[in-house]
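*Asks:* Protein chains in written order, with the numbering used here: chain A, 107 to 501; chain B, 107 to 501; chain C, 107 to 501; chain D, 107 to 501.
For every residue, glycine included, the Cβ atom is placed at its ideal position computed from N, Cα and C.
What follows is a structure written as structure tokens; I'll ask about it next.
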């Protein structure tokens, strides 16, 4: 018996920042497929060089187009600001490259005062452009929604599959004390606030789980049919400034919401309550609850109590990571032993490179990405007009 | 130094069922005021006699009017089905008795098909009738919202008061696997489903906490200004019957919702996400989270981990109470060491009899009761018409 | 039907400090029995006056003997340093007063270098003197071990009673960052360190639960037969001083242990692992686990998650109590909504005054108190001689 | 820049059972080193063939010596009953193979009535034989103590390293409802009961962490100096048979202890309380608490709340794994999303193959394995003779 040849996937990274590093670290942990980081492109050449040195990328570039021109690249991994996702993805597809796009796939990028109906229309058109370009070029679109791969979410999926019963209600949230990145505080570059930047995670997982359930129980995905939503800028109220000197990060310079809540109805009559906030202290919260007719499952991605730590003074743990966005390292905390693993990054990249190496669909697809866009921008429209938005015409 | 005379409060109980027993047990624990249960009235005489024997009530009656006619009664405690609250409360007030009314204060009781706008109008008129009658008669109206008194809620109030900062967002829920009482499954007698019967609790606590915060920070209560809501009958869907044989109690004979979600905005820009469900397995959930600009507090009334228990077989703990509505006593459970205490009943009755003995307002008032009615029926209107409902004109 | 006359118990408090205040607060919450604090005695007259004003005590004294001479006093409540328990209890019994004694009942009080065998002998003789005096005088001895009354412990007892099965193993602990009281850091006044001052609590609960089980399952209490123990002064090691500037309180001036662990075997073959430490950061830990042949119960007296709070800065909750001995109010904490209730104080005083008013034994007796002394001083002997100590000859 | 050649490690598996499968699954996830399972040996040829088919092993054998004779094998992985560890490890070393041995490294295997002093002597001699053979042959000895690699343990190590302070006290436990494997119920094959089979895990982690701390803070490992211990057969008592029909697995045919508790003192004055039981219901417990002078860390390997699930009936989750040794799938449970990962298996194999490929020591060494043997058999001696056992002469 001869050992099989290990397949190889050659990646061109576009971007060398925070997310690119998480992806590269995840590629390093891939097994069974050899991943080669062929290129890394960054606007600031020194960052590309640094990244290449750390992660063993073969070539560096300033312009992503150089990567697209290299026939030895199999897939382009777009770790760039959200408003650049769609144009780069379309170009990559046209160049015949598979595409990995970070969440959200795309959105509307323009003035905050734009009517939400137009935002919704343009965001969907942008998503369709990406999906169409990939389909036309015969390349795969991998939607990097890590929650689909987070171990608690996949365990919940298996538990519900074992139970044989439906999910009647989902309650999910991602929140923390606010982005530090200016690009995510503005409609022009972030395409919205808490809903598009954070709620996309529990929403993506919820849509994925209901679609999976539908395929299992009735042979076709269960889809959302309506959304009712409210948004707010909690850190921009009369009461706020006096009371809160600096714990929340979205106070200055933001034109997007720092809280949004959505009430979603699915075509089987089940519901989801999905919310997100950039005005939550105490460290990131990544949670999804599944209430079923025969079972209940809670996914506590973050925090959970696998590790609990205490320090009387915040300086004591200064040298060690605790968890995303925690304001103090004093008191009791819930440090993640391996935040990337619990959040699904290595599993996500494993699936993506396997999907490319083996010629199959990844678990997290462009179709899911588009549904997320439809629901979130439907929610923006709902909140603006104070009415329920029907999603069927949009899907 | 002479010991002060202990004041006495003479109570006429109307009703001898589940709630009446909880109240009577709570009266027994009152200290510093002598509580005498003078009367107990029940439609079935033998239940009144039984109750009197157990709790030491002096007299029994079939008709509550007999109690109202006794000049030796100070306060009437209405532990009767919801649709009887308002008429009995008005009569009691007219008879010069103080009134204790279980939650919800009142509602709309009629056909399920009634337009929600009319429901809202009539429910508020009913609340106003009770409040007006008490005001005119110069008697106190004690609104038996036990969450106001639940130790975790009061601790949260004190922690936020200490913090000096505002609550930006509340997330609350009461849920379980559904009422067994037929009267609570129908609009005619229950006045609605999960929202009026369960969400009234976290909603009442949220409104109480924001009102309290307003008085503290700006000298006037903070009030809700709008509600967006969705409701559903989760146990009445195509997928449901096959999968869930009998764990949920609301399947048969219900014409009310078994899930509702509300998105509420307050006049200071803060928000609340309040939901309730009669389609949740695993034991009752009573939870409220307070996210502030300087602090976060979670109130885990039920479940919490003060006690954790495990039995490999459900028969093992057959003889001991675990927690409300848990479907099995097998596996890990979170038994309440004293569910009444943790839920606020003894503290509530202590406050009520003190308020009567000392001539001061109770913490939970008719004003709070009316706000709850306005928000919940505003939510029913919102869900029916698929639009945001403004609350200011209703308060 | 005439209301029964409410019985009355007249208490003479000896001591006006921390524990006396907890007791007085608990007396205030007693229902069904009228508790009158007739006297309060304190060495410093102004403290007695203050206490009397706050809790409504009728008379104040400097010398406890004045209280013993008043025929109108029913029971004396000894809230004094441990080394004063026994002499005062004996005197009170001789004066015909019932006696309430805080834990531990008594001990050995003398030089740290005293051989442990002598400590054991003298401590037991002291306990016997108290028990004998009460028996001879026909008065009750109430042993104020609040854990017997803590709601989680009583719930565990009921759950095991329902299960019908034995407890095979108990694991219990009380720990925190160390006493501030100099009297509890020295053998002369404290009678030992962590074992006598803290481990007495989980040990008392464990002995109570096994005795109760024995009465239930075989008609006679199950008793301990041996103890193996180790003690240490963790805050007095080579490594310690450099690393820990000031978080632990037992560093200076202590001649007693700040950690002890006991391995106890019962006469039915079951076991207990009981430990205590004055070198534990993060707030007091009060925990007991019961592993049975048919069930498991965890009692999380402190911490538990009924309330969880977070503040980015320790000053934010400066004005509100969090939990005993927490070093910082920053980060996540587990504030007790009502620490006295969860720890069993009101329930304890309710039982004591009822036992006196109704002429029955309290749940926590002198017999339990003596068993605790035997095991703890047996443990000191075991640790000193590095060998198992048989308890049968001592009980 | 040229991609570096990926190093390759060729493994000969001895054993094809439960543990071998966990190891093989872990090898599959190794990245950066190519692992080839060259051989699998099993006494029953069909099991080897099955295993080879599933995990891609190249050759199968009945006799491990065939593997030792193949010069193409780099390392032998011994997944065989404990009493076979030492002889096979010595043979493998002599054949020039690196050796991976499951925990415990070795022990005493003979009649239960053997004096514990002889057990201790022979177990240490056996450990020394293995270590000596590896040293003489110049091969590495990898001690497969997965707790060293469990993410919560490594996070705790990093948090304490960051804190700069010492661990003063460790409290650890591994327990469940008892082994099903007859070989682990007998001294002849298991070398003891709960202490050697389960306590070895938290003990191994505790010894590892204190050794690591010593190297960091004083340049040399901190070692244990004494142990006091007690053992019991809880499922073999008078009370037991009536109450517990079948939930515990060690009742029939066992001659080893089903509970053991150890009190260990280290050479820096710090202590550890390590226990294990085969008489614990509710699913496996894998926990270690670290109490330091500046910090506290709890490692909740199992259970933790990353996922919480509920089913009203045990059949509902019949098709999905929950957690090791849980007696019922009803009620609330804490399913592990990936039990191998959380328990450290993939990380362990990654370290082992890297240590072989790169020529460095693994984290978990033969030295640690020997210390575990010394403490556990010292504990058996302590329990038998009822006295503290000094460890210094044994290390």
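#1: Would you kindly check if the distance between the Cβ of residue 265 of chain B and the Cβ of residue 415 of chain C is under 9 Å?
#2: For residue 419 of chain C, which residues of its own chain have a beta-carbon under 7 Å away from its beta-carbon, when the five flanking residues on both sides are left out?
#3: Return the chain-ordered list of same chain residues with a C-beta closer than 8 Å to the C-beta of residue 500 of chain C, the five sequence neighbours on each side being excluded.
#4: For the segment 309-325 of chain B, which residues have a CB atom closer than 9 Å to at least one CB atom of chain D, in sequence order?
#5: Go to residue 365 of chain B, then tell me how far its alpha helix (DSSP H) extends in each direction, as first and last residue.
#6: Does the beta carbon of residue 388 of chain C come closer than 9 Å to any beta carbon on chain B?
#7: What number of angstroms, rounded off, separates the C-alpha of residue 478 of chain C from the C-alpha of residue 210 of chain C?
#8: Is the shortest distance between the beta-carbon of residue 416 of chain B and the beta-carbons of chain D less than 9 Å?
#9: Taking the alpha-carbon positions, what's the residue 208 of chain C to residue 250 of chain C distance?
#10: Distance, Cα to Cα, residue 122 of chain D vs residue 185 of chain D?
#11: At a CB-CB cut-off below 7 Å, which residues of chain A make contact with residue 274 of chain B?
#12: Would you say residue 109 of chain C lies against chain B (beta-carbon separation less than 9 Å)?
#13: Check whether the Cβ of residue 475 of chain C sits closer than 8 Å to any heavy atom of the ligand SAH, and report yes or no.
#14: Whose C-alpha, out of C/189, C/203 and C/191, is nearest the C-alpha of residue 173 of chain C?
#15: Have a look at residue 247 of chain A and residue 239 of chain A and give me their C-alpha separation to the nearest angstrom.
#16: I need the straight-line Cα distance from residue 275 of chain A to residue 379 of chain A, nearest angstrom please.
#17: Quick check on residue 491 of chain D: does DSSP put it in helix, strand or coil?
#18: Mind listing the chain B neighbours of residue 444 of chain D? Cutoff is C-beta to C-beta under 8 Å, in chain order.
#19: Which residues, taken in chain order from the segment 370-381 of chain C, show a beta carbon closer than 7 Å to some beta carbon of chain D?
#20: For the alpha helix (DSSP H) that contains residue 217 of chain B, what are its first and last residues?
#21: Determine the DSSP secondary structure at residue 115 of chain D, reduced to helix, strand or coil.
#22: When the Cα of residue 382 of chain A is compared with those of A/154, A/389, A/253 and A/368, which residue comes out closest?
#23: Just to confirm, is the Cβ distance from residue 281 of chain C to residue 362 of chain C under 9 Å?
#24: Answer with yes or no whether the minimum CB distance from residue 424 of chain A to chain C is below 9 Å.
#25: Does any residue of chain B bring its CB to less than 9 Å from the CB of residue 140 of chain C?
#26: How many Å lie between residue 434 of chain A and residue 319 of chain B at the Cα?
#27: For residue 436 of chain B and chain A, any beta-carbon pair shorter than 9 Å?
#28: May I ask you to report which of helix, strand or coil DSSP gives residue 496 of chain C?
#29: Within the 9 Å Cβ cut-off, does residue 433 of chain C reach chain A?
#30: What does a CB cutoff of less than 6 Å around residue 107 of chain C pick up in its chain, not counting 5 residues either side in sequence?
#31: Report yes or no: do three or more beta-carbon pairs, one from the segment 163-172 of chain B and one from the segment 490-498 of chain B, lie closer than 8 Å?
#32: What residues in the segment 447-472 of chain B have a beta carbon less than 8 Å from any beta carbon of chain D?
#33: Can you find at least 3 beta carbon pairs, one from the segment 457-472 of chain B and one from the segment 321-335 of chain B, that sit closer than 8 Å?
#34: What are the residues of the segment 145-164 of chain A that lie near chain D, defined by any Cβ-Cβ distance shorter than 9 Å?
#35: Check each candidate in C/401, C/389, C/352 and C/327 and name the one with the smallest Cα separation from residue 352 of chain D.
#36: Between residue 256 of chain A and residue 406 of chain A, what straight-line distance do the alpha-carbon atoms span, to the nearest angstrom?
*Replies:* With the structure as the only source:
#1: In this structure, residue 265 of chain B lies closer than 9 Å to residue 415 of chain C by Cβ.
#2: Around residue 419 of chain C: 436.
#3: These residues qualify, in order along the chain: 226, 230, 480 and 484.
#4: Taking a C-beta cut-off of 9 Å against chain D, none of the residues of the segment 309-325 of chain B qualify.
#5: In the DSSP assignment, residue 365 of chain B falls outside any alpha helix (DSSP H) and lies within the beta strand (DSSP E) extending over 365-372.
#6: Taking Cβ atoms only, chain B never reaches closer than 9 Å to residue 388 of chain C, which makes this a no.
#7: Per the coordinates, the alpha-carbon of residue 478 of chain C lies some 8 Å from the alpha-carbon of residue 210 of chain C.
#8: Yes, its Cβ sits closer than 9 Å to a Cβ of chain D.
#9: About 5 Å.
#10: One Cα belongs to residue 122 of chain D, the other to residue 185 of chain D, and the distance between them is close to 7 Å.
#11: Those within 7 Å of residue 274 of chain B in chain A are 340 and 385.
#12: Because the pLDDT of residue 109 of chain C is 48, which lies under 50, any placement of that residue in the model is unreliable, and the number read from its coordinates should be weighed accordingly. Yes, its Cβ sits closer than 9 Å to a Cβ of chain B.
#13: In terms of ligand content, the structure shown is empty, and the ligand SAH therefore cannot be addressed.
#14: Nearest of C/189, C/203 and C/191 to residue 173 of chain C, Cα basis: C/203.
#15: So the alpha carbons of these two residues sit roughly 10 Å apart.
#16: For the pair residue 275 of chain A and residue 379 of chain A, the Cα-to-Cα distance works out to about 8 Å.
#17: Helix, per DSSP.
#18: Near residue 444 of chain D there are no residues of chain B at all, since even the closest Cβ is about 20 Å away, more than 8 Å.
#19: Here the close residues are 371, 374, 375, 376, 377, 379 and 381.
#20: That residue, residue 217 of chain B, is in no alpha helix (DSSP H); it is neither H nor E in DSSP.
#21: Three-state result, residue 115 of chain D: strand.
#22: If we check each option's Cα against that of residue 382 of chain A, A/368 comes out closest.
#23: Between residue 281 of chain C and residue 362 of chain C, the CB-CB gap reaches or exceeds 9 Å.
#24: No - not a single Cβ of chain C is within 9 Å of the one on residue 424 of chain A.
#25: Yes, residue 140 of chain C lies at the interface with chain B (some Cβ there is under 9 Å from its Cβ).
#26: Between the alpha carbons of residue 434 of chain A and residue 319 of chain B lies a gap of roughly 26 Å.
#27: Among the CB atoms of chain A, none fall inside 9 Å of the CB of residue 436 of chain B.
#28: Correct three-state label for residue 496 of chain C: strand.
#29: Residue-level contact by beta carbon holds for residue 433 of chain C and chain A, with a gap shorter than 9 Å.
#30: Residue placement at residue 107 of chain C cannot be trusted, given a pLDDT of 37 that sits under 50; what the coordinates show is reported in the next sentence. Contacts found: none.
#31: The segment 490-498 of chain B and the segment 163-172 of chain B do not touch, with fewer than three beta-carbon pairs separated by less than 8 Å.
#32: Residues are counted here when their Cβ sits less than 8 Å from a Cβ of chain D; for the segment 447-472 of chain B the count is zero.
#33: These segments do not touch.
#34: Those residues of the segment 145-164 of chain A placed with their C-beta closer than 9 Å to a C-beta in chain D are 158, 162, 163 and 164, ordered along the chain.
#35: It is C/401.
#36: About 10 Å.
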